[in-house]
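In the working numbering, the protein residues as written are -6 to 326.
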């Protein structure tokens, strides 16, 4: 099949929060347009008016025979983890929570290239996540699969440390053995900061604590944890990415989900595996090093783009994405 369902209950809409099923509909329709435009995939958007996870799961299971794949969208943590895990167990088509894994793939690709520019190794870098919800936890797990060994997660209450009383089934595997309790403890000598939290949460003092040649991904939308202009004014050795299209290095899921599903559907896959996610990240990172086609330069009204601190990952309108990423995903199944 070539039909994918984009399914939500509207409990965690990007930049808006818990707006409910009906209000989330325009966002899901927008997602459907992107699937069609970038990967030729047909989509029904489905808004389920239900916050009970088991009822949500049963609803999806009941309608699943219609579809070749399920894209879960904008469902709040921790329910989103439970819902995805249960649906994966019960269905024989790819089930994919984009807020988790789509984000993780693009972050992994951008980080791979940022580390190359900053002369750092995945097995050695100290990584700090601010935000331990759907995106943060999934990104951390994918980076671990890539070889990351030193990851500290920080949420509203501070560092996720071993035996912290309020950890749940879905984040306790990411807790670390540390005396540190707050963000500044984690940021001392950190090589990488990845923010999937909220606006203006990264300050000058914390940036100054970081190691030489740091990497800062301030991905909160619409307002990042720190603006690039401000970060570069504090230090001149930073490589930076955000979630915004008006700054360099936009970490945008549209580089991932259309091609992950295209590859999965073409492979007639029953699931989207970690190997497929890693293959997508690797393909994105490699494509950024290729000469940029004229059509892309024209679309962005620039004379040149080349691999470097301001061009870590391809642009969404790069026509090569479908052959590079979808093929890598299909071949990895």
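Note that CB positions come from ideal geometry on N, CA and C, so glycine has one too.
8 angstroms Cβ shell around residue i - same chain, five flanking residues per side excluded
i: residue 245; result: 99, 236, 238 and 309
i: residue 169; result: 144, 145, 146, 152, 153, 154 and 155
i: residue 32; result: 251, 252, 254, 255, 315 and 319
i: residue 225; result: 231 and 233
Contact belief for residue i with residue j at Cβ below 8 angstroms, rounded distance in angstroms
i: residue 73; j: residue 80; result: That belief does not hold up - the Cβ atoms of residue 73 and residue 80 are roughly 11 angstroms apart, past 8 angstroms.
i: residue 258; j: residue 61; result: 5 angstroms
i: residue 279; j: residue 322; result: With a Cβ gap of about 14 angstroms, residue 279 and residue 322 do not count as contacting.
i: residue 106; j: residue 325; result: About 20 angstroms separates the two Cβ atoms, so there is no contact after all.
i: residue 87; j: residue 264; result: 6 angstroms
i: residue 142; j: residue 171; result: Their Cβ separation, rounded to whole angstroms, is 14 angstroms, which puts residue 142 and residue 171 out of contact at 8 angstroms.
i: residue 148; j: residue 124; result: 7 angstroms
i: residue 42; j: residue 14; result: 4 angstroms
N-terminal and C-terminal residue of the alpha helix (DSSP H) that residue i is part of
i: residue 75; result: 72 to 83
i: residue 301; result: Counting along the chain, residue 301 falls outside any alpha helix (DSSP H), and DSSP gives it neither H nor E.
i: residue 21; result: 14 to 32
i: residue 55; result: 46 to 56
i: residue 40; result: That residue, residue 40, is in no alpha helix (DSSP H); its beta strand (DSSP E) goes 35 to 40.
i: residue 267; result: 267 to 280
i: residue 86; result: Premise fails: residue 86 is in no alpha helix (DSSP H) and is neither H nor E.
i: residue 240; result: No alpha helix (DSSP H) holds residue 240; DSSP gives it neither H nor E.
i: residue 11; result: First-last for residue 11: undefined, no H or E at that position.
Top-ranked residue by Cα proximity to residue i, from the options
i: residue 93; options: 273, 283 and 128; result: 128
i: residue 7; options: 132, 266, 19 and 158; result: 19
i: residue 275; options: 303, 307 and 210; result: 307
i: residue 163; options: 215, 130 and 24; result: 130
i: residue 200; options: 192, 42, 231 and 212; result: 231
i: residue 11; options: 299, 261 and 44; result: 44
i: residue 295; options: 241, 197 and 228; result: 241
i: residue -2; options: 260, 34, 108 and 218; result: 34
i: residue 58; options: -5, 207 and 277; result: -5
i: residue 217; options: 183, 205, 148 and 190; result: 190
i: residue 203; options: 313, 185 and 192; result: 185
i: residue 17; options: 311, 28, 27 and 39; result: 39
Boundaries (first-last residue) of the beta strand (DSSP E) holding residue i
i: residue 232; result: 232 to 235
i: residue -2; result: -4 to 1
i: residue 64; result: 62 to 65
i: residue 211; result: 208 to 211
Residue burial classification, residue i (beta-carbon count within 10 angstroms, cutoff 16)
i: residue 119; result: buried
i: residue 288; result: exposed
i: residue 284; result: exposed
i: residue 267; result: exposed
i: residue 277; result: buried
Spatial neighbours of residue i in its chain, beta-carbon cut-off 7 angstroms, leaving aside the 5 residues before and after
i: residue 76; result: 46, 49, 50, 65 and 68
Residues of its chain near residue i, where Cβ-Cβ distance is below 6 angstroms and the 5 sequence neighbours each way are ignored
i: residue 103; result: 234, 244, 305 and 306
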